[in-house]
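Enquirer: Here you go, one structure.
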Amino acid sequence: MPWIGLGNVIEQAASYAAGQSMPTLTINGTRVEASDGQTVLEAGESIGVTIPTLCHHKDLSPVGSCRLCVVEVEGAEQPAAACTMPATEGLVVRTESAELTAMRRFVLEMLLDNYHDVGYASPDRPDNELMHWVRHYGLPLPDPSQSRTAPRYAVGSDPNPFVWVDLNKCILCTRCIRACDEIQGRFVWSVGYRGHDAKIIAGTDTTMLEGRCESCGACAAYCPTGALDDRMSLDVGVADRLVTTTCPYCGVGCQFDLNVKAGQIVRVTSNPAAPVNGMSLCVKGRYGYGFVHHDDRVTTPRVRRYVLESRPKLADLASRGPWVDVDWNTALDICADRLASAVQNEGGDAVGLLASAKCTNEENYLVQKLARQVLGTQNVDHCARLCHSSTVAGLAMCFGSGAMSNSMDDIAHHAAAALIIGSNTTEQHPVFGAMLRQAVLRRGMKIVLADPRRIDIAEFAALHLRHRPGTDVALVNGLMHAIVEADKHDQAFIDERCEGFDEFRASLGPYSPDRVAAITGVSTEKIVAAAHLLADHRPMAVIWAMGITQHTTGVFNVLALGNLQMLLGNMGMPGGGVNPLRGQNNVQGACDMGALPNVYPGYQSVADEGVAATFASVWSCDGPDVELPREPGLTVTEIIEQAGAGKIAALYILGEDPAMTDPDVNHARACLAAAPFVVLQEILESETAPFADVLLPGASFAEKEGTYTNTERRVQLIRKAIEPPGESRPDWETIADLARRVLSRLGRTPSGQQARWEYRSASAIMDEIAALTPSYAGVNHARLDRGDRLQWPVPSADHPGTPILHVGRFTRGKGKFHRVEHVDAKELPDDDFPLLLTTGRVLYHWHGGELTRRSPALLEAVPESLLEIHPSDAARFAVRDGQMLRVTSRRGRMQARAVVTDRVAEGIVFGNFHFPGEANVNNLTIAALDPIAKIPEYKVCAVAVAGEAASEELIRKPSGTGSFC
Ligand code: SF4
Numbered sequence: 010m011p012w013i014g015l016g017n018v019i020e021q022a023a024s025y026a027a028g029q030s031m032p033t034l035t036i037n038g039t040r041v042e043a044s045d046g047q048t049v050l051e052a053g054e055s056i057g058v059t060i061p062t063l064c065h066h067k068d069l070s071p072v073g074s075c076r077l078c079v080v081e082v083e084g085a086e087q088p089a090a091a092c093t094m095p096a097t098e099g100l101v102v103r104t105e106s107a108e109l110t111a112m113r114r115f116v117l118e119m120l121l122d123n124y125h126d127v128g129y130a131s132p133d134r135p136d137n138e139l140m141h142w143v144r145h146y147g148l149p150l151p152d153p154s155q156s157r158t159a160p161r162y163a164v165g166s167d168p169n170p171f172v173w174v175d176l177n178k179c180i181l182c183t184r185c186i187r188a189c190d191e192i193q194g195r196f197v198w199s200v201g202y203r204g205h206d207a208k209i210i211a212g213t214d215t216t217m218l219e220g221r222c223e224s225c226g227a228c229a230a231y232c233p234t235g236a237l238d239d240r241m242s243l244d245v246g247v248a249d250r251l252v253t254t255t256c257p258y259c260g261v262g263c264q265f266d267l268n269v270k271a272g273q274i275v276r277v278t279s280n281p282a283a284p285v286n287g288m289s290l291c292v293k294g295r296y297g298y299g300f301v302h303h304d305d306r307v308t309t310p311r312v313r314r315y316v317l318e319s320r321p322k323l324a325d326l327a328s329r330g331p332w333v334d335v336d337w338n339t340a341l342d343i344c345a346d347r348l349a350s351a352v353q354n355e356g357g358d359a360v361g362l363l364a365s366a367k368c369t370n371e372e373n374y375l376v377q378k379l380a381r382q383v384l385g386t387q388n389v390d391h392c393a394r395l396c397h398s399s400t401v402a403g404l405a406m407c408f409g410s411g412a413m414s415n416s417m418d419d420i421a422h423h424a425a426a427a428l429i430i431g432s433n434t435t436e437q438h439p440v441f442g443a444m445l446r447q448a449v450l451r452r453g454m455k456i457v458l459a460d461p462r463r464i465d466i467a468e469f470a471a472l473h474l475r476h477r478p479g480t481d482v483a484l485v486n487g488l489m490h491a492i493v494e495a496d497k498h499d500q501a502f503i504d505e506r507c508e509g510f511d512e513f514r515a516s517l518g519p520y521s522p523d524r525v526a527a528i529t530g531v532s533t534e535k536i537v538a539a540a541h542l543l544a545d546h547r548p549m550a551v552i553w554a555m556g557i558t559q560h561t562t563g564v565f566n567v568l569a570l571g572n573l574q575m576l577l578g579n580m581g582m583p584g585g586g587v588n589p590l591r592g593q594n595n596v597q598g599a600c601d602m603g604a605l606p607n608v609y610p611g612y613q614s615v616a617d618e619g620v621a622a623t624f625a626s627v628w629s630c631d632g633p634d635v636e637l638p639r640e641p642g643l644t645v646t647e648i649i650e651q652a653g654a655g656k657i658a659a660l661y662i663l664g665e666d667p668a669m670t671d672p673d674v675n676h677a678r679a680c681l682a683a684a685p686f687v688v689l690q691e692i693l694e695s696e697t698a699p700f701a702d703v704l705l706p707g708a709s710f711a712e713k714e715g716t717y718t719n720t721e722r723r724v725q726l727i728r729k730a731i732e733p734p735g736e737s738r739p740d741w742e743t744i745a746d747l748a749r750r751v752l753s754r755l756g757r758t759p760s761g762q763q764a765r766w767e768y769r770s771a772s773a774i775m776d777e778i779a780a781l782t783p784s785y786a787g788v789n790h791a792r793l794d795r796g797d798r799l800q801w802p803v804p805s806a807d808h809p810g811t812p813i814l815h816v817g818r819f820t821r822g823k824g825k826f827h828r829v830e831h832v833d834a835k836e837l838p839d840d841d842f843p844l845l846l847t848t849g850r851v852l853y854h855w856h857g858g859e860l861t862r863r864s865p866a867l868l869e870a871v872p873e874s875l876l877e878i879h880p881s882d883a884a885r886f887a888v889r890d891g892q893m894l895r896v897t898s899r900r901g902r903m904q905a906r907a908v909v910t911d912r913v914a915e916g917i918v919f920g921n922f923h924f925p926g927e928a929n930v931n932n933l934t935i936a937a938l939d940p941i942a943k944i945p946e947y948k949v950c951a952v953a954v955a956g957e958a959a960s961e962e963l964i965r966k967p968s969g970t971g972s973f974c
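Just so you know, the sequence shown maps onto residues 10 to 974 in the working numbering.
Below is the structure:
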């Protein structure tokens, strides 16, 4: 289970030290054997006795302040609070009596005296916890017209776009304070003032955002009175139903309940049983569902008029004319004709397919099957190429498999230390970031942060190594040099489980801390201190994200981290491991499903004869005229390039936005514009939509069934909560329909339902995946639906899954050390472009911003592109805080609002890629590729900045709130 709070009375647990017997007490006449450290409240709950509470929540440390949970204890003069009373041997407790009822009614009457809620009487309003107990004890509901006191506070007193504040309903239970401190580790709320004036305040009685609020909504989720509430859902009333599903944003894979009313999502609420996150959610998961009902949703199939009229495609985008709404048959027949004729005229490799890290496992499986079985090409890839392909390649070289080895919960509970390198964890994987903060606060886990920026997790780090972007290999080699020099490496682990150590050890020679300090800009002393800290605190987990992978040395960076964990013997154990945090909700699953040009599902090589024979048999591709290609296909960037050159005659894109997210995006857009035929299957009119010839409407995560696989290899269901809008339908249905039409045009009649694409459900597709993918063999929807928690590999239907990889043995047998050398980034600053640009994301947006820009409150929080620049660089280039900037590189230009801050080091600027057109930082980035993984170097290029205008109107405080500024 995840940590979901400081509850369970840690201090009291200590009093039941090991060796003491379990205390036995009596509650309402029933004998109870309590667990170590349990309170009377918890002991009562264990036998089904409900004791009323308000200030108490099981996730939070108990305070015993509201006194609603008072119980009678034999021999005691006064009733006592059950939430703080240890369940000790021999206690005899009574939880109900006339006296207790009178006391509880008195407590509630006192609370109601100062409680003002003009909306409580609405017949269509869910009871909060306070109102529940008011009704339970038969008290009259408060009536504002009869109130003896006047409201004391302004309603909606804080401008936070997500959390509504009405202190007239606050009972000072402090659950919000404890949730923010203990769950989120953010310390926004406290009690300010004294006596009668005491009230909950944010920061130093400022606004929540000025108090560094991350808008996660935990305070509202734990509030028992509605004093803090979800602003977007104040008047929605009672939901028709709750549907438990998985978040569509990041790879943490939080689950929550969609509250559905009249076919619309009206609120997201925490589901305490969520395997990864419990009650925790971040701002995107809790409040970022606006895109589902956005006007930009594509609701009917659309085709360009010139396609319908069989006229030639014009080179100029603006002259291509409008969309024409058509029926599904028309749209799919056009797509099938073009795909089939490309194959018939030019061969399968004249087609390229992009699968989607946003879509389900089942849909990604079908896209790669469409490529291989139907179209006869390995030209299938997706955006993992742009984020973690170097991780997959590097870890496969070290250990034989390329996924996160441990679990987030396991790291949060067991790691003595963590090296966080190239991961802005609290903004990009916020719930895991909060778990790491808890690990520091609760049990003193040591964090060594290696990041060029002073990101938020820095304040929880024992050491922050602020190295220059692009010097990761040198830094990690320097750490390992210092570890070996101090003889702190784990020779026994190395001898038993690894190979190639002697050569590797010799390769560290040139990476003395002094030389590494000169390369990285981190002091010698800090490098040595960090090395010793990491070696002295084991198990140590290495955590990384795209700060490591998106370099021309991406694979080298990953190899260096693999070396480090073998050197310290941190593999195959709780709290250790190699832990790449995957970006999008299902990028792990899209890779697992073989939406990559070199592997079938389960990372089975396309070159392997036996593997190919198995797939050919099930897919009915073993006839003389149908063959599965054995050479790897093209990658994302190569597919786009080849489409632009006319060598890809038909391009099919499922839910990806290359016109927004590719590096040197102007070039990518030119390629898309020149592509002979583009089919886009999407839920929204994305930046890629203008380049499409056919637009097929997709279904959002809330409108279909399927599974996502999170960053820790956990396969989880998404469930249909509402109907897809208009003519749109689940993407797996569309892909299967298209595949059947192409097969028919190619004159193929494969044998077997699976080969003929006759699927009745997403569940049936998963059954086919399980049959062909050893690591998913035991995964099926029924198991997931009944709550089985499955992390692959799951080799059989009765296997419980594998939370930790490489226990006792690496996938490849012995772990392999690799010699890795520092190489400069492809483009460094010079006289013309004197600043180093590094790129990333902000808390309130996600990737290309397609979804978050269509969720109004998220857009309100950060409405425009921002560029962080150091104060001395701002002075050097006459840039003022809040001024619009023009940023140029050798490839293009962008506009962004300046944030003058020392979060970035001198000489470095940081931009994000959430806004399109002139605001897109990918106008500037370079398409230089890692030679092995072919991942682009998004993290380093050279730029120049200039103020767009000096006029005061253009200068305002960036409205980017919270941690960005
Ligand atoms: Fe969704 Fe990730 Fe936020 Fe969890 S941390 S709610 S998965 S965006």
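In this text, a Cβ means the ideal position worked out from N, Cα and C, and glycines have one as well. On a predicted model such as this, the values are computed, not experimentally measured, just so you know.
1) Quick test of the definition: if touching needs 3 or more C-beta pairs under 8 Å, does the stretch 638-656 touch the stretch 682-697?
2) In or out: V247 buried (at least 16 other Cβ within 10 Å) or exposed?
3) Would you please state the rounded distance, in angstroms, between the beta carbons of A236 and C189? I believe it to be under 8 Å.
4) For the alpha helix (DSSP H) that G619 lies in, which residues bound it at each end?
5) Are G581 and V401 closer than 8 Å when you measure CB to CB?
6) According to DSSP, is R475 helix, strand or coil?
7) With a CB to CB cut of under 8 Å and the five nearest residues on each side skipped, what residues in its chain are close to D305?
8) Exposed or buried, R452, counting other C-beta atoms within 10 Å across all chains shown (16 or more means buried)?
9) Given that a residue counts as buried once 16 or more other Cβ atoms are within 10 Å of its Cβ, and exposed if not, what is H854?
10) Rounded to whole angstroms, what's the CA-CA distance from Q447 to I192? Just pull it up for me.
11) Can you tell me whether Y258 sits near ligand 1, meaning its C-beta is under 7 Å from at least one heavy atom of the ligand?
12) Buried or exposed: which applies to D68, given that a residue is buried once 16 or more other Cβ atoms fall within 10 Å of its Cβ?
13) Does DSSP classify C189 as helix, strand or coil?
14) Could you tell me which of Y258, Y296 and P168 sits nearest to I274, measuring between CA atoms?
15) At a cut-off of 7 Å, is G857 close to ligand 1 when judged by its beta-carbon and the heavy atoms of the ligand?
16) With distances taken Cα to Cα, identify the nearest neighbour of G220 among I210, D133 and A424.
17) Is it buried or exposed, N338, if we count other Cβ atoms within 10 angstroms and call 16 or more buried?
18) My assumption, with CB atoms under 8 Å, is that N719 sits in contact with V261. Please give the rounded CB distance.
19) When every heavy atom of ligand 1 is checked, does at least one fall within less than 7 Å of the C-beta of N286?
20) Out of R769, M217, R475 and C396, which one is the CA nearest neighbour of G715?
21) So, for K729: in the same chain, excluding its five sequence neighbours on each side, which residues have a beta-carbon less than 7 Å away from its beta-carbon?
22) Going straight from the alpha carbon of W741 to that of E721, what length do you get?
23) Are the Cβ atoms of E736 and T309 separated by less than 8 Å?
24) Who are the near neighbours of Y609 in its chain, counting only those whose CB is closer than 7 Å to its CB and skipping five residues on each side?
25) Start and end of the beta strand (DSSP E) containing N123?
26) Alpha carbon to alpha carbon, how far is T743 from L379?
27) Can you look up N588 in the DSSP assignment and give me helix, strand or coil?
28) Name the residue from L148, R203 and S224 whose alpha carbon lies nearest to the alpha carbon of N169.
29) Would you tell me roughly how many angstroms separate the C-alpha atoms of G226 and E138, rounded to the nearest one?
30) Between N932, L933 and Y947, which lies nearest to D939 when the distance is taken from Cα to Cα?
31) Please check the pair L643 and H438, which I expect to be a contact at CB under 8 Å, by giving their CB distance rounded to whole angstroms.
32) Whose C-alpha, out of L781, G787, R765 and V954, is nearest the C-alpha of F886?
33) May I ask whether a heavy atom of ligand 1 can be found less than 7 Å away from the beta carbon of P439?
34) Helix, strand or coil for E767? Go by DSSP, reduced to three states.
35) How about V851: is its Cβ closer than 7 Å to a heavy atom in ligand 1?
36) Please list, in chain order, all residues of the same chain as S106 whose beta carbon is under 8 Å from its beta carbon, the five residues on each side excluded.
Expert: Based on what the coordinates show:
1) yes
2) exposed
3) About 14 Å separates the two Cβ atoms, so there is no contact after all.
4) It spans E618 to V627 - the alpha helix (DSSP H) in which G619 sits, taken as one unbroken run.
5) Going by C-beta atoms, G581 is not nearer than 8 Å to V401.
6) coil
7) L693, E694 and R863
8) With a threshold of 16 other beta carbon atoms within 10 Å, R452 falls short and is exposed.
9) So H854 counts as buried.
10) 7 Å
11) yes
12) Burial call: buried.
13) helix
14) Y296
15) For G857, the distance from the CB to the nearest heavy atom of ligand 1 is not below 7 Å.
16) Checking every option, the nearest Cα to that of G220 belongs to I210.
17) exposed
18) Their Cβ separation, rounded to whole angstroms, is 6 Å, which keeps N719 and V261 in contact under 8 Å.
19) N286 has its CB nearer than 7 Å to a heavy atom of ligand 1.
20) R769
21) Taken in chain order, the residues that qualify are E712, K713 and E714.
22) 25 Å
23) For E736 and T309, yes; Cβs fall inside 8 Å.
24) G603, V615, V620 and F624.
25) Here N123 belongs to no beta strand (DSSP E), and DSSP marks it neither H nor E.
26) 12 Å
27) Here N588 sits in strand by DSSP.
28) Checked all of L148, R203 and S224; the closest Cα to N169 is S224.
29) Each residue's alpha carbon lies about 17 Å from the other.
30) Y947
31) 30 Å between Cβ atoms; not a contact.
32) V954
33) yes
34) coil
35) no
36) E81
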